[in-house]
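Residue numbering for the sequence shown follows this note's numbering, beginning at 14 and increasing consecutively. Written below as structure tokens is the structure these notes are about.
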Amino acid sequence: MISASQSLVLIAIMAGITIMLRFIPFLLFSKNTPKPIVYLGEVLPYSIVAMLVIYCLKDIDFLGKAHGIPEITAVVLVAVLHKWKHNTLLSVLSGTICYMLLVQFVFA
């Protein structure tokens, strides 16, 4: 069994390595960021969100009891709220609550 001081040393080492890994890109690309890195920084967030949406909606059963209504309703709510308020937390939280309420109480 390791002692409290050994645990603190291990945590400090892990924190130091994590911080170092986070700062290395800023140190390497502080002056001239290569164009491929800039391009990836612009494109990847949208690509990741699209992949998450596809992953979440891939198992919709349109022939099932709910016909995909909870999922589609939640997606539309998220899109409308985000377009209207430009608040990611509000839109995602509202869509999640809407989906859970529909699944638990309406289409149970």
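In this text, a Cβ means the ideal position worked out from N, Cα and C, and glycines have one as well.
Asked, Found
"Pull up the distance between the alpha-carbon of LEU103 and that of LEU90, whole angstroms please.", "11 Å"
"With a CB to CB cut of under 7 Å and the five nearest residues on each side skipped, what residues in its chain are close to PHE75?", "GLY81"
"Need the endpoints of the alpha helix (DSSP H) that MET27 sits in, please.", "17 to 41"
"Would you say PRO83 and PHE120 are within 7 Å of each other, going by their C-beta atoms?", "yes"
"Our contact map puts ILE50 next to PHE42 with C-beta atoms below 8 Å; I'd like the distance itself, whole angstroms only.", "6 Å"
"Rounded to the nearest angstrom, what separates TRP97 and CYS69 at their Cα positions?", "23 Å"
"If you draw a straight line from the alpha carbon of VAL66 to that of ASP72, how long is it in whole angstroms?", "11 Å"
"Comparing alpha-carbon positions, which option in ILE37, VAL116, MET33 lies nearest GLY77?", "VAL116"
"In terms of residues, what are the limits of the alpha helix (DSSP H) holding ALA63?", "48 to 70"
"Does DSSP put ILE85 in a helix, in a strand, or in coil?", "helix"
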